[in-house]
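Here the structure is laid out as structure tokens; the discussion comes afterwards.
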Amino acid sequence: MIDLFSDTTTRPTPEMRKAIAGAEVGDEQRMLDPSVNALQDKVAEILGKEAALFLPTGTMCNAISFLVHCRPGDEILMHWTAHPLNHEGGGPSALGGAVITPLQGDRGMFTAADVRNSIRYHDRYSPRTKVVSIEQTSNAGGGSCWPLDLIKDVCAAADEHELIKHLDGARLFNAVVATGTSAADFAAPFDSVWIDLSKGLGAPVGGVLAGSEEFIAEAWRHKQRMGGAMRQAGIIAAAGTYALDHHIDRLAEDHDNAKRLAEGLAGISGIEVDPGTIETNIVFFDVTGTGYTGADFAAEMEKRGVSFSDITGNFVRAVTHLDVNRAQIDEALTEIRTFLN
Ligand SMILES: *Cc1c(COP(=O)(O)O)cnc(C)c1O
203 MIDLFSDTTT RPTPEMRKAI AGAEVGDEQR MLDPSVNALQ DKVAEILGKE AALFLPTGTM
263 CNAISFLVHC RPGDEILMHW TAHPLNHEGG GPSALGGAVI TPLQGDRGMF TAADVRNSIR
323 YHDRYSPRTK VVSIEQTSNA GGGSCWPLDL IKDVCAAADE HELIKHLDGA RLFNAVVATG
383 TSAADFAAPF DSVWIDLSKG LGAPVGGVLA GSEEFIAEAW RHKQRMGGAM RQAGIIAAAG
443 TYALDHHIDR LAEDHDNAKR LAEGLAGISG IEVDPGTIET NIVFFDVTGT GYTGADFAAE
503 MEKRGVSFSD ITGNFVRAVT HLDVNRAQID EALTEIRTFL N
């Protein structure tokens, strides 16, 4: 199977399994797990924040951040394609009573003007505009990277209105590798930021949330309350530390493979994609011209050993990661050509 379904499907490498097997462990809830503590310290340092907290998933990183930042009736601004609005079971509203207002904009991004135009009068009729949330890279935006200047502009607009700034960094390191901007520089304007260990970094489980000491202390209360406080979690944290040490630079290979895939797809009649828009490891392509719907195209390719995901209408998503190599990209392209011929 050539798995272009998602970068979440990676299996731990033999070396990562060794790191897992050798992990020192203790009671995480009492801060006695050395491997969890080491991971948290490392992520806080990489992101340039005072403290960090290991959590089971990225979804919980988002959920807890919004619980700390918002009271019921408060409003969060984010792009209409953003993960918390579309893929987290209505979490921010269901758990925290927050109102999400979706912003428009190309490729998962919006501007400082969009933020300024969305701020509400703080009268008793309106929800209180409280948080602005950015996704780096933007998943549904096609793995697009917010340029640092745009981030600074948007955050400056947020500051004018004393909004809290949150960064969903599920694929932050893809943006770091693609742009050469450091994770700390991207994270600097934000009050809260998290990274996913189980996306392109290739660890089996986990996310790490970072911010001020005060923010993380509050986040800990919610982690405990939600049942996210673990015990000998060093077993999984060790995989995260290994991934940060060994799997960041290699994301460049995933980006090359995504580009190669897009270039190949662009040459297949009936498929539309602009390879010039591919910045990281995500490729959305339009199959309208093939006469198939996205769902039928993906179902047929699945039978032929290539899996895709996130089909909306005639768009199909492919994601590259450490379990797909260059030869498999070429093989996938051959399978698609064979099918369409
Ligand atoms: C995957 C993802 C999440 C959620 O992370 P999980 O670890 O799957 O819970 C949040 N935001 C974005 C942009 C994602 O891609």
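Numbered continuously in the numbering used here, the sequence shown closes out at residue 543. Each residue gets a CB set at the ideal place from its N, CA and C atoms; glycine is no exception.
Which of helix, strand or coil DSSP assigns to glycine 430 = Residue state, collapsed to three classes: coil.
Beta-carbon separation of histidine 281 and asparagine 341 under 8 Å?
-> For histidine 281 and asparagine 341, no; Cβs fall outside 8 Å.
Could you pull out every unbroken alpha helix (DSSP H) segment of at least 4 residues lying fully inside the stretch 378-440, listed in chain order?
-> Entirely contained in the stretch 378-440, the alpha helix (DSSP H) runs reaching 4 residues are, in chain order, 385-389 and 415-428.
In chain order, what residues of the same chain lie with their CB nearer than 8 Å to the CB of arginine 309, ignoring the 5 residues before and after it?
-> Around arginine 309: Ser340, Gly343, Gly344, Ser346 and Thr479.
Going straight from the alpha carbon of glycine 307 to that of histidine 449, what length do you get?
-> Using only the alpha carbons, I get a separation of about 31 Å.
Going by other Cβ atoms of all chains shown within 10 Å of its Cβ, with 16 needed for buried, is glycine 493 buried or exposed?
-> Looking at its Cβ environment, which holds fewer than 16 other Cβ atoms inside 10 Å, glycine 493 is exposed.
Excluding the five sequence neighbours on either side, which residues of its own chain have a C-beta within less than 6 Å of the C-beta of valine 395, listed in chain order?
-> Hits under 6 Å: Leu249, Leu369, Gly371, Ala389 and Ala412.
When you compare only the Cα positions, how much space is there between glycine 496 and arginine 322?
-> Those two C-alpha atoms are separated by around 39 Å.
Cβ-heavy atom distance between asparagine 319 and ligand 1 below 7 Å?
-> Proximity of the beta carbon of asparagine 319 to ligand 1 is not indicated: no heavy atom of the ligand is located closer than 7 Å.
6 Å CB neighbourhood of lysine 251 in its chain, flanking five on each side removed = For lysine 251, where only same-chain residues beyond five positions count, the Cβ hits under 6 Å are Ala412 and Gly413.
Residues near lysine 425 by beta carbon distance below 6 Å, same chain, minus five either side = For lysine 425, where only same-chain residues beyond five positions count, the Cβ hits under 6 Å are Ala431.
Best match in Lys461, Glu247 and Arg427 for proximity to glutamate 415 [C-alpha to C-alpha] = The residue with the shortest Cα to Cα distance from glutamate 415 is Glu247.
Just how far apart, CA to CA, sit lysine 220 and alanine 439?
-> Lysine 220 and alanine 439: Cα-Cα distance of roughly 13 Å.
State the start and end residues of the unbroken alpha helix (DSSP H) segment that holds glycine 299.
-> From DSSP, glycine 299 is part of no alpha helix (DSSP H); its letter is neither H nor E.
Between the CA atoms of lysine 332 and alanine 501 - distance to the nearest angstrom = Cα-Cα distance, rounded: 42 Å.
Length of the line joining the Cα atoms of isoleucine 538 and glycine 442 | Distance from the CA atom of isoleucine 538 to the CA atom of glycine 442, rounded to whole angstroms, is 35 Å.
Residues in its own chain within less than 8 Å of serine 320 by CB, not counting five upstream and five downstream?
-> Around serine 320: Leu279, Thr303, Leu305 and Thr331.
Run the proximity test for arginine 180: is its beta-carbon closer than 7 Å to any non-hydrogen atom belonging to ligand 1?
-> It is not possible to answer for residue 180, since the shown part of the chain is limited to 203 through 543.
Taking the CB atoms as reference points, tell me whether phenylalanine 486 and arginine 519 lie closer together than 8 Å.
-> Between phenylalanine 486 and arginine 519, the C-beta gap is smaller than 8 Å, which places the two residues in contact.
Residue range of the unbroken alpha helix (DSSP H) whose run includes leucine 241 = For leucine 241, the uninterrupted alpha helix (DSSP H) run begins and ends at 236-249, by DSSP.
Could you have a look at leucine 369 and say whether DSSP puts it in helix, strand or coil?
-> Reduced to three states, the DSSP call for leucine 369 is strand.
Give the single residue among Leu374, Cys357, Leu352 and His363 whose Cα lies nearest to the Cα of histidine 324.
-> Relative to the Cα of histidine 324, the nearest Cα in the group Leu374, Cys357, Leu352 and His363 belongs to His363.
Who does threonine 514 pair with in a DSSP beta bridge?
-> Partner residues in the beta bridge of threonine 514, as assigned by DSSP, are Phe517.
Own chain residues within Cβ distance below 7 Å of alanine 360, not counting five before or after = The residues are Val317, Val334 and Lys367.
Own chain partners of leucine 350 with C-beta closer than 8 Å, once the 5 adjacent residues on each side are dropped = Non-local C-beta neighbours of leucine 350 in its own chain, meaning closer than 8 Å and more than five positions away in sequence, comprise Thr381, Thr383, Asp387 and Phe388, ordered along the chain.
Compare the Cα-Cα distances from glycine 298 to each of Ala314, Gly409, Val227 and Leu269 and report the closest residue.
-> With respect to the C-alpha of glycine 298, the residue from Ala314, Gly409, Val227 and Leu269 having the closest C-alpha is Leu269.
At a cut-off of 7 Å, is glutamate 337 close to ligand 1 when judged by its beta-carbon and the heavy atoms of the ligand?
-> Taking 7 Å as the cut-off, one finds at least one heavy atom of ligand 1 near enough to the beta carbon of glutamate 337.
Cα-Cα separation between isoleucine 236 and glycine 402, rounded to whole angstroms | Note that residue 236 corresponds to proline in the displayed sequence, not to isoleucine. In this structure, the CA atom of proline 236 is about 25 Å from the CA atom of glycine 402.
Just grab the DSSP bridge partners of alanine 253 for me.
-> For alanine 253, DSSP records a beta bridge to Gly413.
DSSP on glutamate 230, reduced to helix/strand/coil?
-> Glutamate 230: helix per DSSP, three-state reduction.
Is the closest heavy atom of ligand 1 to the C-beta of asparagine 264 under 7 Å?
-> Because some heavy atom of ligand 1 lies under 7 Å away, the Cβ of asparagine 264 counts as near it: yes.
Any heavy atom of ligand 1 closer than 7 Å to the CB of lysine 401?
-> Lysine 401 has its CB nearer than 7 Å to a heavy atom of ligand 1.
Whole-number beta carbon distance between phenylalanine 207 and valine 407, since they are thought to touch under 8 Å = Not quite, the Cβ-Cβ distance comes to about 18 Å (not below 8 Å), so this is no contact.
For threonine 283, is the beta carbon positioned less than 7 Å from some heavy atom of ligand 1?
-> It does not: the Cβ of threonine 283 is nowhere closer than 7 Å to a heavy atom of ligand 1.
Give the DSSP-derived three-state secondary structure of arginine 528 in the structure shown.
-> DSSP places arginine 528 in helix when its eight states are reduced to three.
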